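Chains as they are written, first to last, in our numbering: chain A, 59 to 302; chain B, 121 to 208.
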């Protein structure tokens with residue numbers, strides 16, 4: 059699980075493929091020799107076509123822990139080369155290769171006593187869900203807050219799981235909707251603003267450890283706004299994917 | 121600075137480079153030769169395709185590293201505008 063382990067590609071087999079939204083899926087893989095992972099880590103996934111052509115992409119792990127089981131949360135990138143296959147076509151029994159667990163930067167450690175603020179844009183929820191689940195599994199006492207920005211309720215990966223964590227899992231959960239909010243929801247649909255962050259994020263005085271994951275523009279806006287509010291840049295861990 | 125200087129060869133680098141290269145890459149600290157910005161490797165801007173990856177400085181946009189994988193599977197790391205890479 060630490061950086062001292064030599065990175066090797068491992069064969070993995072799809073065990074379960076669970077639709078999460080119309081454009082995302084949770085894949086459970088079995089990978090002999092897999093050493094387990096820390097909350098927030100990712101894997102590189104390699105697919106090889108019959109003609110030998112290979113494609114590699116990075117996917118966050120939706121669940122951390124020991125054992126040879128790997129859980130990936132995969133969102134479809136329109137016109138993507140790999141994600142549409144993983145979201146729509148791959149089936150139990152199919153094989154792929156994984157390299158990991160990777161990344162020691164965007165990781166939550168359960169022995170860190172800081173309050174934690176998680177901020178997700180779209181499929182950026184996947185590694186943050188692993189952190190929230192790890193906090194509940196460890197039964198530690200760090201207060202967790204989670205702000206999730208999605209287009210509509212139907213676009214929220216792990217939605218039911220997050221609702222459970224929010225209801226009795228000890229995670230203070232806030233939703234933000236950019237396109238359409240559910241019936242009866244107080245607030246206006248639109249991009250996350252400084253005011254939404256002010257209301258949902260731990261105050262600077264609490265010295266929270268902050269993890270932000272999402273499209274590049276979202277992450278840049280959130281990180282810039284939080285630094286402007288007085289959060290030290292070194293307390294804000296970021297992970298960006300795609301987008302402008 | 122140690123007063124004693126050893127004259128050895130590259131074999132003697134195996135230990136310290138093994139230590140360096142076994143560090144988690146996302147937590148390495150990288151410094152831009154052009155603008156002097158430095159920070160975690162995890163924070164640099166990366167473009168990736170089937171051939172390789174280009175890492176750019178988020179401060180000035182200059183290329184820091186180019187990482188290529190050739191058909192035989194060997195990996196090449198080219199230092200472009202990276203002045204320094206350090207373990208955390």
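Ideal Cβ positions, reconstructed from N, Cα and C, are used throughout, including at glycine. The structure displayed is predicted, hence computed values, not measured ones.
Touch test, the stretch 199 to 206 of chain A against the stretch 221 to 231 of chain A, Cβ-Cβ under 8 Å, three pairs minimum: In short, these stretches touch, since the Cβ pair count reaches three.
Rounded C-alpha distance that separates residue 290 of chain A from residue 176 of chain A: Along the first chain, read from residue 1 onward, the residue named residue 290 of chain A stands at position 232. Along the first chain, read from residue 1 onward, the residue named residue 176 of chain A stands at position 118. Cα to Cα, residue 290 of chain A sits roughly 16 Å from residue 176 of chain A.
Separation of residue 95 of chain A from residue 125 of chain A, as counted between CA atoms: Here the question's residue 125 of chain A lines up with position 67 in the first chain. Here the question's residue 95 of chain A lines up with position 37 in the first chain. The straight-line gap from Cα to Cα measures roughly 9 Å.
CB-CB length for residue 270 of chain A against residue 259 of chain A, believed under 8 Å: Taking the first chain and counting its residues from 1, the one referred to as residue 270 of chain A is at position 212. Taking the first chain and counting its residues from 1, the one referred to as residue 259 of chain A is at position 201. Approximately 10 Å separates the beta-carbon atoms of residue 270 of chain A and residue 259 of chain A; this is outside 8 Å, ruling out the contact.
Residue 178 of chain B, DSSP secondary structure in three states: Residue numbering aside, residue 178 of chain B sits at position 58 when the second chain is read from its first letter. Of the three classes helix, strand and coil, the one that applies to residue 178 of chain B here is coil, per DSSP.
Near-chain B residues of the stretch 161 to 174 of chain A (beta-carbon distance less than 8 Å), N- to C-terminal order: From the stretch 161 to 174 of chain A, only 161, 162, 163 and 164 have a Cβ closer than 8 Å to chain B.
Proximal residues of chain A, C-beta to C-beta of residue 162 of chain B below 8 Å: Along the second chain, read from residue 1 onward, the residue named residue 162 of chain B stands at position 42. Here the neighbours are 161, 163, 164, 295, 296 and 297.
contact_flag[the stretch 129 to 141 of chain A, the stretch 79 to 92 of chain A] where n(CB pairs < 8 Å) is 3 or more: For the pair of segments examined, the stretch 129 to 141 of chain A was found to touch the stretch 79 to 92 of chain A: the number of CB pairs separated by less than 8 Å reaches three.
Chain A residues whose Cβ lies nearer than 7 Å to that of residue 170 of chain B: Walking along the second chain from the start, residue 170 of chain B turns up at place 50. For the C-beta of residue 170 of chain B, the chain A residues within less than 7 Å are, from N- to C-terminus, 113.
Other residues of its chain near residue 179 of chain B: CB distance less than 6 Å, five sequence neighbours each side excluded: Within the second chain, the letter at position 59 stands for residue 179 of chain B. Closer than 6 Å at the Cβ level, and outside the excluded window around residue 179 of chain B, lie 155 and 157.
Proximal chain A residues relative to residue 146 of chain B, where beta-carbon distance stays under 8 Å: Here residue 146 of chain B refers to the residue found at position 26 when the second chain is read from its first residue. Per Cβ cutoff of 8 Å: 160, 161, 162, 163 and 164.
Environment of residue 141 of chain B [buried if 16+ CB atoms lie within 10 Å]: In the second chain, counting from the first residue as 1, residue 141 of chain B sits at position 21. The residue in question, residue 141 of chain B, is exposed, as its Cβ has fewer than 16 Cβ neighbours within 10 Å.
Proximity below 9 Å, CB of residue 119 of chain A to CB of residue 99 of chain A: For the purposes of this step, residue 119 of chain A is taken as residue 61 along the first chain, with counting starting at 1. For the purposes of this step, residue 99 of chain A is taken as residue 41 along the first chain, with counting starting at 1. Cβ distance < 9 Å, so residue 119 of chain A and residue 99 of chain A count as in contact.
Any chain D beta carbon closer than 9 Å to residue 175 of chain A: Going by chain labels, chain D is absent from the structure shown, which instead holds the protein chains A and B.
Residue 77 of chain A, buried or exposed, once every other Cβ within 10 Å from all chains shown has been counted against 16: As a working note, residue 77 of chain A is residue 19 in the first chain. Its Cβ having fewer than 16 others within 10 Å, residue 77 of chain A is exposed.
Nearest neighbour of residue 262 of chain A, chosen from A:292, A:243, A:182 and A:274 [CA to CA]: Stepping through the first chain from its first residue, residue 262 of chain A is reached at position 204. For the residues A:292, A:243, A:182 and A:274, the minimum Cα distance to residue 262 of chain A belongs to A:292.
Best match in A:186, A:207 and A:156 for proximity to residue 223 of chain A [C-alpha to C-alpha]: As a first step, residue 223 of chain A is located in the first chain; it is residue number 165 there, counting from the start. Looking at the Cα atoms, A:186 is the closest of the given residues.
Proximity of residue 155 of chain A and residue 115 of chain A at Cβ, strictly below 9 Å: Counting from one through the first chain, the residue named residue 155 of chain A turns up at place 97. Counting from one through the first chain, the residue named residue 115 of chain A turns up at place 57. No, Cβ-Cβ distance for residue 155 of chain A and residue 115 of chain A is not below 9 Å.
Residue-chain proximity (residue 283 of chain A, chain B), Cβ-Cβ < 9 Å: Here the question's residue 283 of chain A lines up with position 225 in the first chain. For residue 283 of chain A, the answer is no, since every Cβ of chain B falls outside 9 Å of its Cβ.
Sheet register partners of residue 271 of chain A (DSSP bridge): For the purposes of this step, residue 271 of chain A is taken as residue 213 along the first chain, with counting starting at 1. Partner(s): A:178 and A:297.
Reduced DSSP category for residue 163 of chain A - H, G, I as helix; E, B as strand; rest coil: Indexing the first chain from 1 puts residue 163 of chain A at position 105. Of the three classes helix, strand and coil, the one that applies to residue 163 of chain A here is coil, per DSSP.
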